[in-house]
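Notes to accompany the following structure.
Right, dumping it as structure tokens:
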């Protein structure tokens, strides 16, 4: 079983789905025209969820701390020129403050005293940023036929135990 800290820093399936929907299956930097990659196909393929406040700084895996980025921009953010990184972080923070009024780096940093655990974050921002486009068929947030995204670990365990009982 994973430790509490590890669980708090990872994005859940629900958070991942919400980030993909919110960012419209496109790299946020490509959409803004920032240092575009040579191959524009990167902007809609090879997408990864990037932490704004990195895990190494205890940035939690919550919707308000993640954005979609192509491999090109994710690498640039994590390992690129220091000036680019500062500018990219400023862009992301400005975007988050616009989408989630009251957003601050401190609200997405894990603290052991549980003041800002994941379950409290959605209440902090209300429904801000929840106007999300409908999921397009074939998108990364729609599971392939026969598969399901589990909202909780308990849901997955219930289904697994039922299959074992029936012998499937």
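Residue numbers (my numbering): 7 to 174. Quick reminder that beta carbons are idealized off the backbone N, C-alpha and C, glycines included.
6 angstroms CB neighbourhood of residue i in its chain, flanking five on each side removed
i           : result
residue 79  : 33 and 35
residue 52  : 76 and 77
residue 111 : 59
residue 18  : none
residue 94  : 83
Close-in-space but distant-in-sequence residues of the same chain around residue i (CB under 7 angstroms, 5 per side omitted)
i           : result
residue 98  : 58 and 73
residue 103 : 109
residue 50  : 31 and 32
residue 11  : 116
Bounding residues of the alpha helix (DSSP H) (the contiguous stretch that carries residue i)
i          : result
residue 81 : 77 to 85
residue 25 : 19 to 28
residue 95 : 88 to 105
residue 47 : Looking at the DSSP string, residue 47 is not in any alpha helix (DSSP H), and its letter there is neither H nor E.
residue 12 : 10 to 15
residue 36 : 34 to 37
Cβ neighbours of residue i in the same chain (closer than 8 angstroms, five flanking residues each side left out)
i           : result
residue 129 : In this prediction, residue 129 scores a pLDDT of 48, lower than 50, which makes its location untrustworthy; the coordinate-derived value is nonetheless stated afterwards. Within the same chain, residue 129 has no close Cβ partners at all.
residue 48  : 33, 36, 76, 77 and 78
residue 43  : 36, 49, 76, 78 and 79
Residue nearest to residue i in terms of C-alpha spacing, selected from the options
i          : options            : result
residue 41 : 103, 65 and 83     : 83
residue 13 : 61, 102, 30 and 31 : 61
residue 54 : 92, 81 and 9       : 81
residue 16 : 39, 45, 38 and 63  : 63
residue 91 : 9, 56 and 45       : 56
Rounded distance between the beta-carbons of residue j and residue i, thought under 8 angstroms
i          : j          : result
residue 25 : residue 66 : With a Cβ gap of about 13 angstroms, residue 25 and residue 66 do not count as contacting.
Where the beta strand (DSSP E) through residue i begins and ends
i          : result
residue 54 : 53 to 57
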